[in-house]
Amino acid sequence: MNKKLIALDLDGTTLNNRSEISVRTQNVLTTLRNAGHLVSIVTGRPYRNSKQFYTQLGMETPMVNFNGALCHLPDQLNWESQYHKTLDREIALDMLTLKKELDIHLIAAELRDTVFADNYFVPYSDFFPDGKKGASKLTSSSLKEDPTAVCVFTDKENQGYIIEKISARYGDSVEIRTWGGQTPCLEIVAAGVQKALGVERIAQVYGIKQKDIIAFGDEDNDYEMIQYAGHGVVMKNGIDTLKHISNDVTEKTNNEEGLAHYLENYFKLV
């Protein structure tokens, strides 16, 4: 079998509903890495609240964060193949004005290694793993550079309305994605940013052909990655829109170790 690039979404895919990687999943991914395959995390999360999973899996491969806005090698700050696409600072600040019109609980502007939040609402424990110790107050004076992304937290039933408002306000200058599994986040990034960009960059660096890319996802923000991969797999718990364009669907959900179960069968590990 040719060397594969296995691109993994986190929330709703690799992680269970408690935001954990099971021992079985970790063992399967370790076995595949030891067999010579490349395993990479491709997530909407910032690095600050996904690095624990990178460390847990003992990874040394490039990682994609912010839905494709950042592709980097965490242990090499000056990795020559990295890229970092940012969002206009004025959009982040304008979102504070828009918040007054909409039912938004929290707006957070994410830089590569820093987060600015407009209030003390905590959407879920993983979003601020350090209890917001590292978060600064989001204001026009504190945010001095273009952020990587802006995260918006609201009630799930309110998301569609807010997406419409943001799209009407900023048009083609932004992309709006959802991620977060049980506590979804609306993430605003620069136009053209998508997970497939990061997957393509990693494949190019390691000389892996598109047909040898296997990607796993469950949500709207995985669409282009699933479509781009030679073999795109959607979780049983994934959205129907994604299932319609995938090559396969797992038999089990993320909360039933569906990723591990699928890989065990695909690579004939059992």
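Its first residue numbered 18, the sequence shown is counted upward by one per residue in our numbering.
Glycine residues also receive a C-beta, built at the ideal position from the N, C-alpha and C atoms.
If you're wondering where the values come from, they're calculated on a predicted model, not measured in any experiment.
Cβ-based burial, residue i [other Cβ within 10 Å; buried from 16]
{"i": "Ser159", "result": "exposed"}
{"i": "Gly224", "result": "exposed"}
{"i": "Gly249", "result": "buried"}
{"i": "Gly275", "result": "buried"}
{"i": "Glu288", "result": "Since the first residue shown for the chain is 18 and the last is 287, residue 288 is missing from the structure and cannot be characterised."}
{"i": "Asp172", "result": "exposed"}
{"i": "Val287", "result": "exposed"}
{"i": "Met252", "result": "buried"}
{"i": "Ala185", "result": "exposed"}
{"i": "Lys21", "result": "buried"}
{"i": "Asp257", "result": "exposed"}
{"i": "Asp189", "result": "exposed"}
{"i": "Gly234", "result": "buried"}
{"i": "Asn19", "result": "exposed"}
Residue closest to residue i, alpha-carbon to alpha-carbon, out of the options
{"i": "Cys88", "options": "Leu286, Ile230 and Lys212", "result": "Lys212"}
{"i": "Glu241", "options": "Gln73, Ala220 and Gly215", "result": "Gly215"}
{"i": "Gln99", "options": "Ile243, Pro79 and Asp237", "result": "Pro79"}
{"i": "Gln93", "options": "Arg106, Ile183, Glu77 and Arg194", "result": "Glu77"}
{"i": "Pro289", "options": "Tyr71, His54 and Lys21", "result": "Lying before the first or after the last residue shown, residue 289 is absent from the chain, which here runs from 18 to 287."}
{"i": "Glu192", "options": "Lys226, Asn84 and Gln221", "result": "Asn84"}
{"i": "Trp96", "options": "His278, Met18 and Arg218", "result": "Arg218"}
{"i": "Gln69", "options": "Thr47, His54, Ser36 and Leu49", "result": "Ser36"}
{"i": "Gln312", "options": "Gln244, Asn238 and Ser153", "result": "Shown here, the chain extends from 18 to 287; a query on residue 312 therefore has no answer."}
{"i": "Leu74", "options": "Thr47, Tyr279 and Asn264", "result": "Thr47"}
{"i": "Trp196", "options": "Ile183, Phe144, Ser157 and Ala152", "result": "Phe144"}
Within 8 Å, strictly: CB atoms of residue i and residue j
{"i": "His122", "j": "Phe170", "result": "yes"}
{"i": "Val45", "j": "Leu25", "result": "no"}
{"i": "Val167", "j": "Leu104", "result": "yes"}
{"i": "Ser67", "j": "Asn51", "result": "no"}
{"i": "Asp135", "j": "Leu115", "result": "no"}
{"i": "Gln221", "j": "Leu203", "result": "no"}
{"i": "Leu259", "j": "Asp239", "result": "yes"}
{"i": "Ile27", "j": "Phe284", "result": "Note that residue 27 is Leu in the sequence shown, not Ile. In this structure, Phe284 does not lie closer than 8 Å to Leu27 by Cβ."}
{"i": "Ser157", "j": "Phe133", "result": "no"}
Integer-rounded CB distance, given that residue j should sit under 8 Å from residue i
{"i": "Ile231", "j": "Ala246", "result": "6 Å"}
{"i": "Gly255", "j": "Glu236", "result": "7 Å"}
{"i": "Ile179", "j": "Leu119", "result": "6 Å"}
Counting pairs of beta carbons, one from the region 263-271 and one from the region 55-67, are three or more of them closer than 8 Å?
Cβ pair count under 8 Å is below three, so no.
With three or more C-beta pairs closer than 8 Å as the rule, is the region 154-171 touching the region 203-221?
By the C-beta criterion, the region 203-221 is judged to be in contact with the region 154-171, since at least 3 inter-stretch pairs fall below 8 Å.
Would you check if the region 51-60 and the region 19-31 touch, i.e. whether three or more CB-CB distances between them fall below 8 Å?
In this structure the region 19-31 touches the region 51-60; the number of beta carbon pairs closer than 8 Å is three or more.
Does the contact criterion of 3 or more C-beta pairs under 8 Å hold for the region 37-57 versus the region 107-119?
Short answer: they don't touch.
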